[in-house]
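Below: the structure, in structure tokens.
There are 2 protein chains.
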Amino acid sequence: MTGPSNELQALKAEFFRAMAHPMRIRILELLSAKGEQSVQALQAELSMDQPIISQHLAKLRAHTIVISRKEGTTVVYALADPRIADLLKVAKDVLNRRLSGTKTLLHELRRHG
Amino acid sequence: MTGPSNELQALKAEFFRAMAHPMRIRILELLSAKGEQSVQALQAELSMDQPIISQHLAKLRAHTIVISRKEGTTVVYALADPRIADLLKVAKDVLNRRLSGTKTLLHELRRHG
DNA sequence: TATGAATATTAATATATTTAGATATTAATG
DNA sequence: CATTAATATCTAAATATATTAATATTCATA
Chain C
13 MTGPSNELQA LKAEFFRAMA HPMRIRILEL LSAKGEQSVQ ALQAELSMDQ
63 PIISQHLAKL RAHTIVISRK EGTTVVYALA DPRIADLLKV AKDVLNRRLS
113 GTKTLLHELR RHG
Chain Y
13 MTGPSNELQA LKAEFFRAMA HPMRIRILEL LSAKGEQSVQ ALQAELSMDQ
63 PIISQHLAKL RAHTIVISRK EGTTVVYALA DPRIADLLKV AKDVLNRRLS
113 GTKTLLHELR RHG
């Protein structure tokens, strides 16, 4: 038995890759924490040139990781799916555990005898 | 307040990028589903040349996404953290919902009028 | 210690992604 | 309808990543 199709795994890979950039992570964390944000707001909070932000937003949009709507001349972005916030949270947990590394291990050892 | 440091977000990005490859997703899903596996077993199940598998395993190892131990001349790999299985599961949910759901699509369409 | 089996590394080329700057589009306003 | 503000797109150059094939390492054992 071969498991799920390769195309599905390619989709997952593309999905992860679309998130895999420091600037895009920052954007997604802002949207997770504060809800929808205009491009201006993101630009201000990330102190980033406008075309750069737009390019990253375009990539996230292309993979339906964020969605956007227009409000007059400004465009407001939001997570396309609340589970994306979960995804970031799990990733943070994995990394946090890793960073606390030895400390956590010692702590656990002490607690469990 | 600026939020968490940029280095942390760069770490997260590197972490996602290290997973973001169809072959590595397949490896991680096998390890999630079946527990630890030797390189031989992975090679057989993925019908992939040995050096290719090793290269992907090396990348996963470099980011502490998998860990390995030797058993004589064979090397056995496992997920470094069970939460990585959660991560894959959440990603699968997001993509499943996307593939089955018209909700997001309609939302996208509405955006363009 | 020479050999074979299992795994890892290296190096080259090809391909994809990022960045930065210039320019284009869109919608509101005077 | 010309102008401005907000956002998006395009292009070329710089970086990073993937692929392939060849070679190296490690360990058990004859």
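Chain order of the listed sequences is C and Y. The numbering of the first sequence is the working numbering, which starts it at 13 and goes up by one. The numbering of the second sequence is the working numbering, which starts it at 13 and goes up by one. A virtual CB, placed ideally from N, CA and C, is assigned to each residue, including glycine. Because the structure is a prediction, the values reported are computed rather than measured.
Of all the CB atoms in chain C, is at least one closer than 9 Å to the CB of residue i?
i	result
residue 96 of chain Y	yes
residue 78 of chain Y	no
residue 110 of chain Y	yes
residue 106 of chain Y	yes
residue 48 of chain Y	no
When the Cα atoms are used, what is the spatial distance from residue i to residue j?
i	j	result
residue 70 of chain C	residue 87 of chain Y	42 Å
residue 33 of chain C	residue 47 of chain C	20 Å
residue 31 of chain Y	residue 23 of chain C	12 Å
residue 124 of chain Y	residue 43 of chain Y	Unreliable placement is indicated for residue 124 of chain Y, whose pLDDT of 34 sits below 50; no coordinate value is reported for it.
residue 20 of chain C	residue 100 of chain Y	12 Å
residue 62 of chain Y	residue 26 of chain Y	25 Å
residue 18 of chain C	residue 36 of chain Y	11 Å
residue 68 of chain C	residue 83 of chain Y	45 Å
residue 58 of chain C	residue 38 of chain C	8 Å
residue 93 of chain C	residue 81 of chain Y	38 Å
residue 102 of chain Y	residue 56 of chain C	31 Å
residue 104 of chain C	residue 41 of chain C	11 Å
residue 107 of chain C	residue 98 of chain C	14 Å
residue 65 of chain C	residue 85 of chain Y	50 Å
residue 96 of chain Y	residue 96 of chain C	15 Å
Flag residue i as yes if its beta-carbon sits less than 9 Å from any beta-carbon of chain Y, otherwise no.
i	result
residue 83 of chain C	no
residue 15 of chain C	Residue placement at residue 15 of chain C cannot be trusted, given a pLDDT of 45 that sits under 50; the coordinates are not used to answer.
residue 61 of chain C	no
residue 124 of chain C	With a pLDDT of only 43 at residue 124 of chain C, under 50, the local geometry of the prediction cannot be trusted, and the value read off the model is given with reservation. With 9 Å as the cut-off, residue 124 of chain C does not count as an interface residue toward chain Y.
By the criterion of Cβ-Cβ separation under 8 Å, what are the contact partners of residue i in chain C?
i	result
residue 64 of chain Y	By Cβ distance, chain C contributes nothing, its closest Cβ being about 15 Å from residue 64 of chain Y, past 8 Å.
residue 99 of chain Y	99, 102, 103 and 106
Residues of chain Y with CB closer than 7 Å to the CB of residue i, please, in chain order.
i	result
residue 33 of chain C	25
Can you pull the chain C residues whose beta carbon is under 7 Å from the beta carbon of residue i, in chain order?
i	result
residue 29 of chain Y	29 and 32
residue 38 of chain Y	21
For the stretch 31-110 of chain Y, which segments carrying the beta strand (DSSP E) assignment without a break, of at least 3 residues, lie completely within its bounds, in sequence order?
Within the stretch 31-110 of chain Y, the complete beta strand (DSSP E) runs of at least 3 residues are 78-83 and 86-91.
Meets three-Cβ-pair contact criterion under 8 Å: the stretch 76-91 of chain C and the stretch 46-60 of chain C
Contact annotation: the stretch 76-91 of chain C touches the stretch 46-60 of chain C, with at least three C-beta pairs closer than 8 Å.
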